[in-house]
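The numbering of the sequence shown is the numbering used here, which starts it at 2 and goes up by one.
Cβ coordinates follow ideal geometry from the N, Cα and C atoms, glycine included.
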Amino acid sequence: VSSLTAMDKQVLLLVVAVVALTAGLLQVTDAADDIACYECTDDPNAWYATYDPSCGAYDYIGHTETQNGHDTCYIQLGNDGYIRRTVANNGFKDGQCFYDSYSTGCFCKGDHCNTNSYCSQCGYPKPTPTTMEPTTVATSNPPSPTTVATTTSEPPASLSCYNCVGCSSVEEGATSVIEDEFISCMTTVFLDSALVIRGGGYEEHPDGECVGHKEALECWCDKDLCNDDQIYV
2 VSSLTAMDKQ
12 VLLLVVAVVA
22 LTAGLLQVTD
32 AADDIACYEC
42 TDDPNAWYAT
52 YDPSCGAYDY
62 IGHTETQNGH
72 DTCYIQLGND
82 GYIRRTVANN
92 GFKDGQCFYD
102 SYSTGCFCKG
112 DHCNTNSYCS
122 QCGYPKPTPT
132 TMEPTTVATS
142 NPPSPTTVAT
152 TTSEPPASLS
162 CYNCVGCSSV
172 EEGATSVIED
182 EFISCMTTVF
192 LDSALVIRGG
202 GYEEHPDGEC
212 VGHKEALECW
222 CDKDLCNDDQ
232 IYV
């Protein structure tokens, strides 16, 4: 090294500085590509996510997953009332919404951002599961004590339902979707915004059943393309 000229020493120092700077930038880039998101679901039957019964809490703080190369977290609100929180792929904007026939979701940027939100910017507040109270129907000719009249109907092997968001009638861009897993068709009306969502459901409901929540009214039917009622709010 003592035989190096002053110019050689300057070049050597410059190379060392560039290598150190490059290593530092790589570390910063790697750190920037890491994101920590809450990862859980309160659905006890979901095998694809970490089960945590408190996952549905608005201000959930709990199980965390860190992914390299990702920059987005996600909240998914199922029509059945269950919530999933997870890491999402890149390419989504902060606050962007996602809709399909059985859930609504929203994306966010930043560590642990997928809490303190029910995706209200997407026009779809978290549904509140409702327990139906049994009802008694009086008839003029009740059956005898030894006779029970029952009627059973099997759901179709596959069901076709209208699928759309923001459609007070099926003429406003609704498409028909058929799935073997559909058991009922559904129409949801949000009372404050008049937003109408149509789609297929995976739970059995009596034909014509409607349930009112604080924010919305949900109605089900069990025939092909039966969720076609014109909605007036």
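Identify which residue in the options has its Cα closest to the Cα of residue i.
i	options	result
E182	E204, L192, V190, N164	E204
D53	R199, G106, T176, C41	C41
N117	R199, C220, A89, C74	C74
Y119	S102, I76, Q231, N91	I76
W48	R85, C165, C222	R85
Y173	I184, D193, R199, S194	In the sequence as displayed, the identity of residue 173 is Glu instead of Tyr. Cα-wise, what sits closest to E173 is R199.
Can you tell me where the beta strand (DSSP E) holding residue i begins and where it ends?
i	result
W221	217 to 222
T188	185 to 191
Y39	35 to 39
V212	211 to 213
G201	197 to 202
Is DSSP giving residue i helix, strand or coil here?
i	result
S159	coil
S118	coil
A175	coil
C168	coil
If residue i sits next to residue j, beta carbons under 8 Å apart, how far is it from one beta carbon to the other, in whole angstroms?
i	j	result
C186	C222	5 Å
F191	A175	Contact flag wrong, Cβ pair sits at about 17 Å.
Continuous alpha helix (DSSP H) assignments of at least 4 residues falling wholly in the region 47 to 108 | Fully enclosed alpha helix (DSSP H) runs of 4 or longer: not present.
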